[in-house]
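Report on the structure given below.
There are 2 protein chains.
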Amino acid sequence: MNVTINGRTQHFRTVSFDSGTNSVRLIEQRLLPHEFKIVSIRNFRDTAKAIRDMVVRGAGAIGATAAYGLAQGIRAFRGGDLNAFSANVATVYQTLKEARPTAVDPVNAMNAVCAAMRAGESIEEKQSLALAAAEEFANEDVRHCEEIGRHGAGLIRNGARILTHCNAGWLAFVDVGTATAPLYAAQTAGKRFHVFCDETRPRSQGATLTAWELAQQGISHQIIADNAAGHLMQRGEMDMVIVGSDRVLGRTGEVTNKIGTYTKAVLAARHKIPFYVAIPLSTIDWNLKRGFDIPIEERSENEVLGAWGILERKKEKGKRKKERCYVRVANPASGARNPGFDVTPPELITGIITPAGILRPRDLWKQREVLKS
Amino acid sequence: MNVTINGRTQHFRTVSFDSGTNSVRLIEQRLLPHEFKIVSIRNFRDTAKAIRDMVVRGAGAIGATAAYGLAQGIRAFRGGDLNAFSANVATVYQTLKEARPTAVDPVNAMNAVCAAMRAGESIEEKQSLALAAAEEFANEDVRHCEEIGRHGAGLIRNGARILTHCNAGWLAFVDVGTATAPLYAAQTAGKRFHVFCDETRPRSQGATLTAWELAQQGISHQIIADNAAGHLMQRGEMDMVIVGSDRVLGRTGEVTNKIGTYTKAVLAARHKIPFYVAIPLSTIDWNLKRGFDIPIEERSENEVLGAWGILERKKEKGKRKKERCYVRVANPASGARNPGFDVTPPELITGIITPAGILRPRDLWKQREVLKS
């Protein structure tokens with residue numbers, strides 16, 4: 059999407075590849091929203107490190123990064139020995155896989171690259187096919203998000219006031235995003251609307267990443283405390299909710315997403331406000347039988363007990379110094395519970411916006427043959 | 059309540075008076091939870107300043123502080139001229155009233171002191187009656203909270219897991235508090251239970267003040283993000299909710315309290331978890347006809363856009379330096395909405411715990427003759 063730096067607006071993808079220098083190019087997300095920087099990564103080991111160190115995060119984005127990283131390692135191979143080439147592919151694959159061992163997207167993405175490469179006979183041909191497959195993986199991620207946008211934009215009426223939770227924006231994918239895709243498509247269609255970003259404690263992805271995205275795209279928005287949505291709904295100041303998801307159960311229509319999503323769905327149902335979940339089809343889990351069995355990660359207490367932000371100080375000669383730091387907010391002698399995700403039942407969800415159209419959560423299973431293909 | 063400093067446990071009130079030095083003694087609440095300090099204030103102008111600067115906050119606590127401040131100013135009067143004495147009373151009264159112009163408790167408290175003083179004939183007698191009336195106001199505040207505790211403790215069963223929101227604890231009153239009173243009474247009765255403190259963004263009174271209070275009293279507790287309560291209720295990990303209130307409408311049973319309270323009431327109703335509101339009778343507004351007319355204060359954006367906390371740094375020679383500071387969390391180009399309170403309708407409230415007993419919200423109006431007397 060667009061980013062404006064020093065008054066100049068440019069289009070960026072979250073992840074891209076420079077074939078001339080064989081570099082993976084990433085938005086350094088750990089600096090956002092306070093600084094925008096593209097990092098060029100020259101070898102697959104550093105690409106793996108960037109995944110591990112959270113330079114890049116989000117399902118689609120780390121999938122594409124792993125695909126590019128695999129092509130990068132494959133293209134760096136010199137020599138004519140096919141056995142040595144294959145051994146190198148295995149090393150690169152394993153290094154990238156281990157960078158985020160629980161994620162499924164990097165593995166799927168790299169498997170697609172490996173499958174495409176088989177059609178090549180020479181090493182050069184395989185190297186070329188690997189990059190083409192990685193590019194195709196990234197382009198497909200963008201196309202899926204654009205299709206979510208196309209379907210979702212029709213739900214947004216002119217003047218709508220829309221709540222989002224956490225960040226399922228373009229920074230989590232190669233471009234466009236999922237929960238944000240309908241917003242960007244509606245904007246392109248000339249609609250005017252206003253977005254409330256839940257700050258999304260404890261990690262504040264709404265206040266940092268989603269708010270940054272919307273500001274860059276020139277979309278009217280305000281950050282609210284997670285406590286405020288109920289009041290705004292009660293006073294008639296919200297018209298719809300759109301969120302993303304980490305896992306949707308195909309059998310039941312249950313939606314796992316960032317902690318607090320369930321609460322917003324309960325509030326929306328009480329106020330008869332439509333509640334939508336936007337996902338690529340790869341987010342659907344066709345195996346698990348009930349949401350209660352989804353493991354809910356219990357994260358570090360420190361996330362709840364404090365906050366990361368920018369401290370600004372006046373320095374000598376009136377200059378200002380900015381520094382990113384963690385402050386402890388809570389009582390020093392107290393601990394915390396910190397479940398990272400929650401599960402929203404299908405009866406609270408108006409629709410699931412997918413690249414294949416908008417479905418009621420209970421209809422995913424009925425449509426499984428179409429959706430799986 | 060009890061505070062432990064360097065291993066020694068002492069009882070403190072939030073507000074007290076030292077007649078020997080004619081000083082108002084306050085817990086310096088702006089330093090909590092990171093430092094505990096009692097300040098002794100020697101004249102009524104500084105007492106007014108302490109109210110204005112939020113050294114002390116909370117309805118009952120500022121009422122008692124104003125009562126003591128008035129007695130303090132009256133007792134500092136020297137001379138025998140009754141007209142000059144009356145002019146001094148008027149000056150002290152006005153100065154303390156202007157310290158928090160929208161609050162009703164300081165005015166009610168000071169009116170009680172003035173009324174009591176009329177029985178005195180000499181200046182000395184009036185001075186003595188003023189202090190006695192201020193002490194009586196403070197003691198009555200404590201008695202009311204203790205009665206709330208006595209009624210509320212019966213609702214807490216052994217092993218209960220209780221959610222609180224914001225701080226309606228002893229720091230907001232002279233002692234004991236309202237939402238916390240049932241907890242302290244149940245603890246005294248030997249019951250065991252666990253409290254989840256909503257951190258209560260944006261000002262984090264749950265993570266700072268309530269958590270500090272519970273830790274000092276040795277009550278088992280954990281802080282949670284405001285987003286987490288819905289998930290914990292869904293998983294069967296919460297048994298009841300107790301909150302305080304800034305204003306309860308006697309005609310309708312609607313409850314105004316810190317932003318986010320309404321959300322917790324909606325969640326509790328969905329999960330059939332009892333939701334209680336603990337208040338002194340002075341919190342009941344018998345005039346206003348509907349909750350929608352309660353003005354909801356829109357507070358500073360900066361509260362939502364960042365956080366106050368303690369920054370800890372390593373200094374030279376391995377020493378650590380702690381510093382209280384504000385960090386900007388949110389995207390620098392984004393703004394915020396920050397409604398400070400919300401209104402919970404009576405159908406979501408199981409009971410209102412008052413010093414006169416536990417009432418259903420709709421029954422306040424039926425019982426108004428008893429409750430007003």
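Chains A and B, in that order, are what the protein sequence lines are. Position 361 (the first sequence) corresponds to 419 in this note's numbering; numbering is contiguous. Position 96 (the second sequence) corresponds to 154 in this note's numbering; numbering is contiguous. Think of the CB as a built atom: it goes at the ideal place given N, C-alpha and C, for glycine as much as any other residue. Source: prediction; values computed, not measured.
Any idea if residue i is buried or exposed, counting beta-carbon neighbours within 10 angstroms, 16 or more meaning buried?
{"i": "His202/B", "result": "buried"}
{"i": "Arg481/A", "result": "The structure shown does not extend to residue 481/A, since chain A is modelled only from 59 to 431, so the question has no answer here."}
{"i": "Pro338/B", "result": "buried"}
{"i": "Asn88/A", "result": "The sequence shown places Arg at residue 88/A, rather than the Asn named in the question. Arg88/A comes out exposed."}
{"i": "Met112/B", "result": "exposed"}
{"i": "Asn345/B", "result": "exposed"}
{"i": "Glu431/B", "result": "Checking the sequence, you will find Ser at residue 431/B rather than Glu. Exposed, by the Cβ-count rule."}
{"i": "His279/A", "result": "buried"}
{"i": "Gln263/B", "result": "buried"}
{"i": "Arg110/B", "result": "exposed"}
{"i": "Ile63/A", "result": "exposed"}
{"i": "Glu374/A", "result": "exposed"}
{"i": "Glu198/B", "result": "buried"}
Where residue i and residue j are concerned, what is the direct C-alpha to C-alpha distance, given to the nearest angstrom?
{"i": "Glu193/A", "j": "Ala173/A", "result": "14 Å"}
{"i": "Phe195/B", "j": "Val162/B", "result": "14 Å"}
{"i": "Arg83/A", "j": "Asp104/A", "result": "11 Å"}
{"i": "Arg176/B", "j": "Lys184/B", "result": "7 Å"}
{"i": "Thr153/B", "j": "Ile99/B", "result": "15 Å"}
{"i": "Ala134/B", "j": "Pro260/B", "result": "41 Å"}
{"i": "Tyr242/A", "j": "Leu307/B", "result": "44 Å"}
{"i": "Ile300/A", "j": "Gly318/A", "result": "13 Å"}
{"i": "Val387/B", "j": "Gly227/B", "result": "28 Å"}
{"i": "Phe333/B", "j": "Arg357/B", "result": "27 Å"}
{"i": "Ser392/A", "j": "Lys322/B", "result": "22 Å"}
{"i": "Glu355/B", "j": "Gly409/A", "result": "35 Å"}
{"i": "Gly137/A", "j": "Gly131/A", "result": "14 Å"}
{"i": "Asn141/A", "j": "Ile181/A", "result": "10 Å"}
Nearest chain A C-beta to residue i closer than 8 Å, yes or no?
{"i": "Cys172/B", "result": "no"}
{"i": "Asp53/B", "result": "Nothing can be reported for residue 53/B: it is not among the residues displayed for chain B, which extend from 59 to 431."}
{"i": "Arg386/B", "result": "yes"}
{"i": "Gln292/B", "result": "yes"}
{"i": "Val253/B", "result": "no"}
{"i": "Ser303/B", "result": "no"}
{"i": "Ala273/B", "result": "yes"}
{"i": "Arg395/B", "result": "yes"}
{"i": "Gln101/B", "result": "According to the sequence provided, residue 101/B is Asn. The question's Gln does not apply to it. Cβ-Cβ to chain A under 8 Å: no for Asn101/B."}
{"i": "Pro390/B", "result": "yes"}
{"i": "Glu86/B", "result": "no"}
Quick test of your reading: residue i and residue j, contact by CB under 8 Å. State the CB separation rounded to the nearest angstrom.
{"i": "Glu257/B", "j": "Asp284/B", "result": "6 Å"}
{"i": "Val73/A", "j": "Val114/A", "result": "6 Å"}
{"i": "Arg219/A", "j": "Met296/A", "result": "5 Å"}
{"i": "Ile407/A", "j": "Pro397/A", "result": "That pair is no contact at about 20 Å."}
{"i": "Ile281/B", "j": "Ala394/A", "result": "4 Å"}
{"i": "Val370/B", "j": "Arg382/B", "result": "One detail in the question is off: residue 370/B reads as Glu in this sequence, not Val. Between Arg382/B and Glu370/B the Cβ distance is about 11 Å, and since that is not below 8 Å, they are no contact."}
{"i": "Phe254/B", "j": "Leu229/B", "result": "Phe254/B to Leu229/B, Cβ: 19 Å. No contact."}
{"i": "Leu128/A", "j": "Tyr151/A", "result": "6 Å"}
{"i": "Arg411/B", "j": "Gly210/B", "result": "Checking the sequence, you will find Ile at residue 411/B rather than Arg. Their Cβ separation, rounded to whole angstroms, is 5 Å, which keeps Ile411/B and Gly210/B in contact under 8 Å."}
{"i": "Met298/A", "j": "Leu325/A", "result": "In fact, because the Cβ distance is near 12 Å, the residues do not count as touching under 8 Å."}
{"i": "Gly302/B", "j": "Ala237/B", "result": "4 Å"}
{"i": "Ala19/A", "j": "Pro240/A", "result": "Absent from the model: residue 19/A. The displayed extent of chain A is 59 to 431, so no value can be given."}
Does residue i have its Cβ less than 8 Å from a Cβ in chain B?
{"i": "His279/A", "result": "yes"}
{"i": "His92/A", "result": "yes"}
{"i": "Leu229/A", "result": "no"}
{"i": "Gly131/A", "result": "no"}
{"i": "Pro353/A", "result": "no"}
{"i": "Thr408/A", "result": "no"}
{"i": "Glu405/A", "result": "no"}
{"i": "Gly65/A", "result": "no"}
{"i": "His69/A", "result": "no"}
Any chance the CB of residue i is under 7 Å from a heavy atom of the ligand ZN?
{"i": "Thr321/B", "result": "The ligand ZN is not part of the structure shown, which contains no ligands of any sort."}
**Message:** Residues of the stretch 412-423 of chain A in Cβ contact with chain B at a cutoff of 9 Å, in chain order, please.
**Reply:** When C-beta distances to chain B are compared with 9 Å, every residue of the stretch 412-423 of chain A stays at or above that value.
**Request:** Could you name the residues of the stretch 309-339 of chain A whose beta carbon sits closer than 7 Å to any beta carbon of chain B, in the order they occur along the chain?
**Result:** Correct list: Ile317, Gly318, Tyr320, Thr321, Val324, Leu325 and Arg328.
**the stretch 182-216 of chain B: positions lying closer than 9 Å to chain A by Cβ** = none
**Request:** Compile a chain-ordered list of the residues in the stretch 342-369 of chain A whose CB is closer than 9 Å to at least one CB of chain B.
**Result:** Phe350, Ile354, Glu359, Glu361, Val362, Leu363, Gly364, Ala365, Trp366, Gly367, Ile368 and Leu369
**Against chain B: residues of the stretch 260-272 of chain A by CB proximity under 7 Å** = Pro260, Ser262, Ala265, Thr266, Ala269 and Trp270
**Asked** Taking Cβ-Cβ distances below 8 Å as the criterion, which residues of the stretch 115-128 of chain A are in contact with chain B?
**Response** none
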